Amino acid sequence: MIKNFVRGFSVLSLALAPLLSAPAVQAAPAAEVTTLADAVGLVQVTEEDRTGYTRSSFKHWNSGDNSTDGCNTRAEVLIAEAVVAPTVGAGCKLTGGTWTSYYDGQEVTSAGSLDIDHMVPLAESWDSGAYGWTAERREAYANDQGADVSLVAVTARSNRQKSDQDPADWMPPSPDAQCRYVAEWVSTKLRWQLTADDRELEALKVYADGPCENTIVRYTPAA
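So that you can map any letter, position 2 of the sequence shown is 1 in numbering that gives the first Met the number 0, and since no number is skipped, the others follow by simple counting.
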């Protein structure tokens, strides 16, 4: 009887061994939710330096989240943000569709009239810490679809007016868009652990302590 018990225990141990030795599955980072004022307070402040920046340091657009759909990141964002879905043809050619450019409140019915804006521009991200990243992390940043706010489809005109400016120098012309914009800017900075300079931080505080004090910021740290 003792032998049977020992034999049974040994079999159970062998059965459990793979489970006990298997590596633990790492949980995805939890989303952080806070007020705009508190979120602004989490952004680290440093001086900015654009030395060495080139746009080619950030590879984009790559094959996107779905490497088998024939669409690059730009096209995938356009498809995801369409108010009325476009038709996706051969080579991921988009026809039809409707979009709302929230920076200026414009309705757009041609994908070619839209830019995909990096919420925090590539040059600004370089100044704010991306200069020290690997090429792979810069590519991940430039094609980030893991957060809805990182890339946004807007009119080419509004995107080019914004250029690489931070909120101290440019805000969306539509007043209704400004609180959303500040929240998404701060969310992106926190997601990628990017810093801010003094002028930028003061501009963010003006909105956080004033018209946007009830705005909520949600972000998930990038892997």
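A virtual CB, placed ideally from N, CA and C, is assigned to each residue, including glycine.
Because the structure is a prediction, the values reported are computed rather than measured.
Below 8 angstroms on the Cβ atoms is my contact criterion, and I expect His59 with Ala141 to pass it. Report the Cβ-Cβ distance as a whole number of Å.
4 angstroms
Just the Cα atoms here: how many angstroms apart are Leu193 and Lys204?
17 angstroms
DSSP on Leu150, reduced to helix/strand/coil?
Here Leu150 carries a strand assignment [DSSP, helix/strand/coil].
Could you tell me which residues DSSP puts in a beta bridge with Val32?
For Val32, the beta-bridge partners assigned by DSSP are Arg217.
Considering only residues of the same chain and omitting the five flanking positions on each side of Asp64, which have a CB-CB separation below 7 angstroms?
Glu75 and Gln144
Below 8 angstroms, can you find three or more Cβ-Cβ pairs linking the region 31-45 to the region 195-212?
yes
Relative to the alpha-carbon of Arg198, which residue among Asp68, Ser109 and Glu46 has its alpha-carbon at the smallest distance?
Nearest of Asp68, Ser109 and Glu46 to Arg198, Cα basis: Glu46.
Would you mind listing the alpha helix (DSSP H) stretches within the region 170-200 that are 4+ residues and don't spill past its ends, in chain order?
177-190
Reduced DSSP secondary structure (H/G/I, E/B, other) of Cys211
Coil.
Relative to the C-alpha of Cys91, which residue among Thr72, Ser149, Tyr102 and Gln105 is closest?
Thr72
Measuring straight from C-alpha to C-alpha, what distance separates Ser20 and Gly104?
Unreliable placement is indicated for Ser20, whose pLDDT of 45 sits below 50; the coordinate value is still reported in the next sentence. Approximately 55 angstroms between the Cα atoms of the pair.
Touching or not, the region 176-187 and the region 125-135, by the rule of three or more beta carbon pairs under 8 angstroms?
no
Proximity of Val42 and Leu150 at Cβ, strictly below 8 angstroms
no
Kindly identify the DSSP beta-bridge partner or partners of Thr97.
Val83
Identify the continuous beta strand (DSSP E) that holds Glu106 and give its terminal residues.
Gln105 to Val107
Please report how far the alpha carbon of Ser100 lies from the alpha carbon of Val153, in whole angstroms.
4 angstroms
In three-state DSSP terms, what is Asp37?
helix
In whole angstroms, what separates the C-alpha of Gln177 from that of Tyr102?
Within the model, the alpha-carbon separation for Gln177 versus Tyr102 is close to 8 angstroms.
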